[in-house]
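Residue numbers (full-length UniProt numbering), protein chains in the order written: chain A, 1 to 443; chain B, 1 to 216; chain C, 1 to 419. Reading through the structure tokens given below for one structure.
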Amino acid sequence: MHDHDLDRRTFVQRTGAATGILALAGCLETDDDTDEDEDTGDPSNGDDAVPRFPEVEDPPAAVYRPTHRESMRMLEPITAGEYTLAPMLSYPHPFWLVTGGAGEDDIERVDPEQGRGVHMMFTLWDDETGIVLPVDTSATITISQNGERIGSPHSPWPMISQEMGFHFGDNIPLEDDGTYTVDVELPPIPTHTTGDLEGRFTDSETVTFEFEYDRAFREQVVGGVEYFDESEWGERGALEPMDHGHDDHDDDGHHDHDGDGHHDDDGHHDDDNGHDDDDGHHNDDNGHHDHGHVPYSALPPADAYPGTRLEPTDEADTDLPRSGDAAIFATLLESGSRLADGDDQYLLVSPRTPYNRVPLADMAMQVTVERDGEPVGDADGTRLVQTLDSEYDLHYGASLAALQSGDAITITFESPPQVARHQGYETAFLEMPPLEFTVPEEP
Amino acid sequence: MTESTPARRSIVLVALCICTLTVGAVVPMTVGAGDNATIFYFEPSETEADAGETVTLELIASTHGDYVGDGIDRLSATVAYDPDVFSVADVEHGPMLAAGDSDAEVDGAVEIDDEAGTVTIDQERTPSGDGARATETAATITLEVAEDAPSTNETLEITDASAVLISDYPQAVVDREATITVTETSGGDDPVPGFVAPSALIAVGAVLVFAVRRLD
Amino acid sequence: MTLPDRSALSRRDYLRTLVAIGGATALSACVSESGAIDIPAGTDDPDSLPDRQHAWNDSLSRDDDGNVQPPDHHVLVPLALLDEPTDETRAQLEDAFRTLERAYEWSTDGLLFTIGYTPAYFERFDDALPESVDLPKPTALTASEDPAIDEFDALLHLASDHSQVVLEAEEGLFGDHDDLNGVAVETDLTGVFERLEDQRRTGFVGAGLPAEHTDVSGVPDSVPEDAPFFMGFRSGFEGSQATEDRVTIEDGPFAGATTQHVESLETQLRTWFEQDSHPMRVRKMFSPEHADENLVGDVGEKLTTTNGLTDERIDATEADARRGVVGHAQKAARARDDDGPPLLRRDFNTVDGDRPGVHFLSLQHGIDDFVRVREAMIGDDLDVMHANNGILSYIFVTRRGNFLLPPRSLRALPRATPQ
């Protein structure tokens, strides 16, 4: 059995440390120069004399670094049936909903409707494989206080954030301080599953946890926020994944960065390869069995996949070709692959965030094949099926009749990932033009 | 140039040296930071005064409120000065916390520790309503420059500050210091020697508390 | 039962609350609030009334576009038989219903009512229901719902524009009230049925009524002022509703009957109104094209007599899903056939239990019609994220019940195989 007897004090201590880092790292640039700026001291200059409001102006249409790293209170992970769920709480803050189209107009910022409350999140994973379940489960949350239910039940949004990867979350308004009880109903997972995951997640489970909403909580989650230098706001790049629920021992060796969720380096990653080191992903460590360790939803690096890796037809200056800044990895598994039908080959397409390799869920895509300029197979294209595999994690796949080297494969994105976005992802993965790949010569 | 108090200086330096910004001033976060901030600064941020005269500065608080658009209903700030050069002549509460509601009042308290060289204001908005979102004077502080003050550049620092939203979430606080250039008027005494970090505990006798209620 | 604080509520809200509370005290409070209103009297000639219990449309008022308008106030009274049916209790029940019909005009100014019987009720008979009646036991229709099932015997649906009437009729049948609009109550249901108070359901429909309930936890201030339903849009368009003929069972011993499904659900209005934008709500409620073409208006006022679903928009459901969002009405309309929409909706809003919700009451020829529409609305076949799959992530089904509404001639404790 797995040991989740995480010591709550651990979190408190860690948070204390994080707050300390804030005092060191937190600072804001001003528009003003104390020594020289003539605006100084002139009240008529209004906001010019005031440090800039922390906000990224005109962010790039790509993954970018937000103004700050959020702080949260981690609760003990809870196991129910095949699922383990780690609840996390922060202060209410904005996020973005994708409104079902492509393009920047089809994303909508959602501000909290009231200041009192929490931003509630949970990461859900399969305890057996440690795979974070980036699935579209229609989980239902109900919240109560002293046995009285508060508000209506609701389904949290599937979300991606740079620090937390794929998770579920929403802002939850609360009125009074006190202890709240949360019931999370997890229905069977409808996503197509393969490998060791086939036939799993067929039961409904309910997970219950409690949390305190009080002054200490508010001070903790606000106090732990880490602002970055303004010069970094809006830079292309991503925050490093947060290392959730690390215990106090730094010698457990299942990852190679600091365990406090904040990093001494500035978390810049300039290419796809910058993160091929282990972020605590499944398969290669048992981190999730440690005290309360919450896995991060990182996909395996590109070179961990078998098959014939498709080459982007157009020269790409990144390791993987990008569409809407999503890194698209595509490989052709030979016939006989357990994922392929009959003698077909299996096209495995694995879209992920650049830098952190977070799976991009809830997309629709299809593929067309051309050989010598003539369509092969269904000219209208073959739909790729969103699939969760025990080995290759979330991907989109289809069985295809034998392809030949030199075949041109065009992947069309009918809809970008519909998951909600935290800051830094809301301008990326929206407009996603098709990508063309070529089946390479046999090696 | 006068020595600052070593204790205070070390706190500020920690913050300063981490903030390696490209341009502009460096602003330490004195308390926790949220996504949105209340900024405390002085107007004027640079001023001059002769020994034996008084100098008046406004302590401005500026906030855009939180994501919901609600403002703050509590704030506090501790301003530290060199007690060998300055003493507090007067503190008046300003209207910042009452902003946006003509019925709102500022209930405030002031604590002056002239021995330690600190003045602390503590204010509450009544009724809280939607809170204050404004850039306004939180307090007007008048300092008297000692008769025997030498020519010196003095800084007025905000050593501790807080702002609390009506949601009860604290807000990030950013603060900036002010500089007062003091000109000596009497004989050529030595510059004021650096003094030992003041302890609030030894200054109890000097504490003066008064409250001001602002009526609109 | 404690009465609500009159001064804290608008008149309409007060009356609505009284209906929800029910009972003699609520009735007298309601009467004193309403004062002497003139309720049209009923008829001594039962044959002048339609043979179908569900024949309401001719008696309902119509809006400016000609759509029938449901009555404002509704009560669903669950009933458990105290004894096995006998000819005596049948006669008692019929007398009681005729008392209602004498007391109130068959209209929204008077009273409209039906009584329906559950599959559990019919199980007591040796013979099964005839083939012409499709009335299975209700089941959960999605993997994520776990509804309570109505297993009592019968459900009385009382509806009127006057809260006083629904309260008074209920009290006349089950309580001490012995005068209904000037008609003496000689026979009530005492001894035949027990009223199951804990499963009693109430509700309301009407422009502005939902917005009056922002005091209820879970009803945000942002509910549109004019919306007749909690989700913020009109519904029940003539062109989107089955006709009464269509839902009527024509053959067999229950000719003139219909089936009724009551799905009680809670709604998540906070995220719906506070997080989703109006265009997003239109996309999710109707179709993406409704939003792109601005077909709906604030609360559906631009839609006149249909929900604007052309064959093209219905056919586009699958493709819209793959593009990211699919509409609730669009999906459900896939279940239309040559005879048009299969369901006649008579759903209404509720704040039962101080939570916003809907009692989705629909009439259809057979329960399989309901299941077919509901499955089309669930859209398991569609490639779309749950949160963008119509309104699925905003509704939480708590209860389901299937009922047979026999023709009036058989409404009093029918046998499974009437002669």
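For glycine and all other residues, C-beta sits at the position ideal for the given N, C-alpha and C. Note that the coordinates shown come from a computational prediction; the quantities given were computed from them, not determined experimentally.
Cβ-based burial, residue i [other Cβ within 10 Å; buried from 16]
{"i": "residue 302/C", "result": "exposed"}
{"i": "residue 102/B", "result": "exposed"}
{"i": "residue 444/A", "result": "Residue 444/A falls outside the range modelled here, since chain A spans only 1 to 443, and no answer is possible."}
{"i": "residue 418/C", "result": "exposed"}
{"i": "residue 450/C", "result": "Residue 450/C lies beyond the residue range present for chain C, which begins at 1 and ends at 419; the question has no answer from this structure."}
{"i": "residue 404/A", "result": "exposed"}
{"i": "residue 206/A", "result": "exposed"}
{"i": "residue 256/A", "result": "Residue placement at residue 256/A is flagged as unreliable, the pLDDT there being 33, under the threshold of 50; the coordinate-derived value follows with that caveat. Looking at its Cβ environment, which holds fewer than 16 other Cβ atoms inside 10 Å, residue 256/A is exposed."}
{"i": "residue 37/C", "result": "exposed"}
{"i": "residue 86/C", "result": "exposed"}
{"i": "residue 212/C", "result": "buried"}
Pair within 7 Å by beta-carbon distance, residue i and residue j
{"i": "residue 75/C", "j": "residue 197/C", "result": "no"}
{"i": "residue 349/A", "j": "residue 384/A", "result": "yes"}
{"i": "residue 352/A", "j": "residue 379/A", "result": "no"}
{"i": "residue 390/A", "j": "residue 197/A", "result": "yes"}
{"i": "residue 119/C", "j": "residue 100/C", "result": "no"}
{"i": "residue 147/B", "j": "residue 52/B", "result": "yes"}
{"i": "residue 55/C", "j": "residue 244/C", "result": "yes"}
{"i": "residue 79/B", "j": "residue 158/B", "result": "yes"}
{"i": "residue 221/A", "j": "residue 86/A", "result": "no"}
{"i": "residue 152/A", "j": "residue 218/C", "result": "yes"}
{"i": "residue 181/C", "j": "residue 103/C", "result": "yes"}
{"i": "residue 61/A", "j": "residue 427/A", "result": "yes"}
{"i": "residue 204/C", "j": "residue 285/C", "result": "no"}
{"i": "residue 328/C", "j": "residue 367/C", "result": "no"}
{"i": "residue 140/B", "j": "residue 92/B", "result": "yes"}
{"i": "residue 165/A", "j": "residue 296/A", "result": "yes"}
Alpha-carbon spacing of residue i relative to residue j, whole angstroms
{"i": "residue 32/C", "j": "residue 14/C", "result": "12 Å"}
{"i": "residue 26/C", "j": "residue 413/C", "result": "29 Å"}
{"i": "residue 122/B", "j": "residue 174/B", "result": "17 Å"}
{"i": "residue 149/C", "j": "residue 360/C", "result": "14 Å"}
{"i": "residue 68/A", "j": "residue 172/B", "result": "12 Å"}
{"i": "residue 293/C", "j": "residue 384/C", "result": "22 Å"}
{"i": "residue 151/C", "j": "residue 365/C", "result": "21 Å"}
{"i": "residue 121/C", "j": "residue 324/C", "result": "44 Å"}
{"i": "residue 76/A", "j": "residue 126/A", "result": "16 Å"}
{"i": "residue 37/A", "j": "residue 45/B", "result": "Summary for residue 37/A: the model assigns pLDDT 35, below 50, so the residue's position carries little reliability, and this model does not support an answer."}
{"i": "residue 362/A", "j": "residue 218/A", "result": "33 Å"}
{"i": "residue 393/A", "j": "residue 167/A", "result": "15 Å"}
{"i": "residue 111/A", "j": "residue 344/C", "result": "39 Å"}
{"i": "residue 335/C", "j": "residue 78/C", "result": "30 Å"}
{"i": "residue 415/C", "j": "residue 404/C", "result": "12 Å"}
{"i": "residue 436/A", "j": "residue 147/A", "result": "56 Å"}
{"i": "residue 143/C", "j": "residue 183/A", "result": "17 Å"}
{"i": "residue 124/C", "j": "residue 350/C", "result": "32 Å"}
{"i": "residue 113/C", "j": "residue 397/C", "result": "25 Å"}
heavy atom of the ligand NAP below 6 Å from residue i C-beta
{"i": "residue 136/C", "result": "Absence of the ligand NAP from the depicted structure is noted, as is the absence of any ligand whatsoever, leaving it without description."}
Interface positions of the region 162-177 of chain A facing chain B (Cβ-Cβ less than 7 Å), listed along the chain: Within the region 162-177 of chain A, no residue qualifies.
Where the UniProt domain "Cohesin" (46-164) of chain B meets chain A: residues whose CB sits under 7 Å from a CB there: For the UniProt domain "Cohesin" (46-164) of chain B, which is checked against every Cβ of chain A, the residues closer than 7 Å are 46, 62, 64, 66, 67, 68, 70 and 135.
Residues in the region 59-73 of chain A having any Cβ partner in chain C nearer than 8 Å: The region 59-73 of chain A vs chain C, Cβ under 8 Å: nothing.
Determine which residues of the region 85-116 of chain A have a Cβ less than 9 Å from any Cβ of chain B, and write them out in chain order. 91, 92, 93, 94, 111, 112, 113, 114, 115 and 116
Pull out every residue of the region 260-290 of chain C whose Cβ sits closer than 8 Å to any Cβ of chain A, in chain order. 266, 267, 268, 269, 270, 271, 274, 275, 276, 277, 279, 280, 283 and 288
With a floor of 3 residues, list each beta strand (DSSP E) that falls wholly inside the region 159-183 of chain B, ordered by position along the chain. Runs of the beta strand (DSSP E) inside the region 159-183 of chain B: 170-175 and 178-183.
Please give the ranges of any beta strand (DSSP E) in the region 106-158 of chain A, keeping only runs that are unbroken, at least 3 residues long and fully inside the region. 107-110, 117-126, 140-145 and 148-154
Selection of the region 403-433 of chain A by Cβ proximity to chain C, strictly under 7 Å: Listed by position, the residues of the region 403-433 of chain A near chain C (Cβ gap below 7 Å) are 414, 415 and 418.
Beta strand (DSSP E) segments (min. 3 residues) lying fully within the region 151-205 of chain C: As far as the region 151-205 of chain C is concerned, its whole beta strand (DSSP E) runs of at least 3 residues are 154-160, 193-195 and 201-204.
Which residues, in order along the region 194-206 of chain C, keep a beta-carbon less than 9 Å from a beta-carbon of chain A? The residues in question: there are none.
Residues, ordered as in the chain, of the region 194-220 of chain A that lie near chain B by beta-carbon distance below 8 Å: 215, 218 and 219
Let me know the beta strand (DSSP E) ranges lying completely inside the region 69-152 of chain C, each 3 residues or longer, listed in chain order. 73-81 and 112-117
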